[in-house]
Amino acid sequence: MSEVIFPEGSQLSVYPVAEGSEPIVIAGFDSIGGTIGSEGKLNTDTVLSDLQVKYGKSALKDAGERELLGRWYATDAGQIELKAAEEDGKQRKFKLRVGTSGPTWDFEAVIGSFVMGELEAEKGLRFKAKMGINKDDGVA
Numbered sequence: 042m043s044e045v046i047f048p049e050g051s052q053l054s055v056y057p058v059a060e061g062s063e064p065i066v067i068a069g070f071d072s073i074g075g076t077i078g079s080e081g082k083l084n085t086d087t088v089l090s091d092l093q094v095k096y097g098k099s100a101l102k103d104a105g106e107r108e109l110l111g112r113w114y115a116t117d118a119g120q121i122e123l124k125a126a127e128e129d130g131k132q133r134k135f136k137l138r139v140g141t142s143g144p145t146w147d148f149e150a151v152i153g154s155f156v157m158g159e160l161e162a163e164k165g166l167r168f169k170a171k172m173g174i175n176k177d178d179g180v181a
């Protein structure tokens, strides 16, 4: 899975499941695996008389599975919320802001795992969270 590293000032926030709750910024976040946003699907419209495969656009899109990476902080409220999401299996809202004033991406996802990643030289202990994105509101 390719890794997207964000510019300085980028933030990922998670909303607790309680109605009307405020977002919690996840400290240490620095990358997300794969692409941002939903990827379109293609249907093959090939018939027996065609000599070459022909494609048509599907109405279905797949927001997919992504991997979050960052520096681990045991007392960070955002990382504690990610761990809670992994334990209770409930879907949460997320907001990703690119840079200090760049576009934002709102999405809803479940957290499948929240584990410690490999120790990287000069980066300290890292966390790795696997998420499945169920609703993607696009990049604004």
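Numbering (our numbering), first residue to last: 42 to 181.
For each residue, glycine too, the CB sits at the ideal point set by N, CA and C.
Owing to the predicted nature of the structure, the values given are computational and were not obtained by experimental measurement.
- The three-state secondary structure of Glu108, taken from DSSP, is strand.
- Rounded to whole angstroms, the separation of the alpha carbons of Val94 and Ala126 is 43 Å.
- The three-state secondary structure of Asp129, taken from DSSP, is helix.
- Around the beta carbon of Gly69, 16 or more other beta carbons lie within 10 angstroms, which makes this residue buried.
- The Cβ-Cβ distance between Lys169 and Glu108 falls below 8 Å.
- Bridge pairing for Phe148: Phe135, Asp177 [DSSP].
- 8 Å or more divides the Cβ of Leu110 from the Cβ of Gly140.
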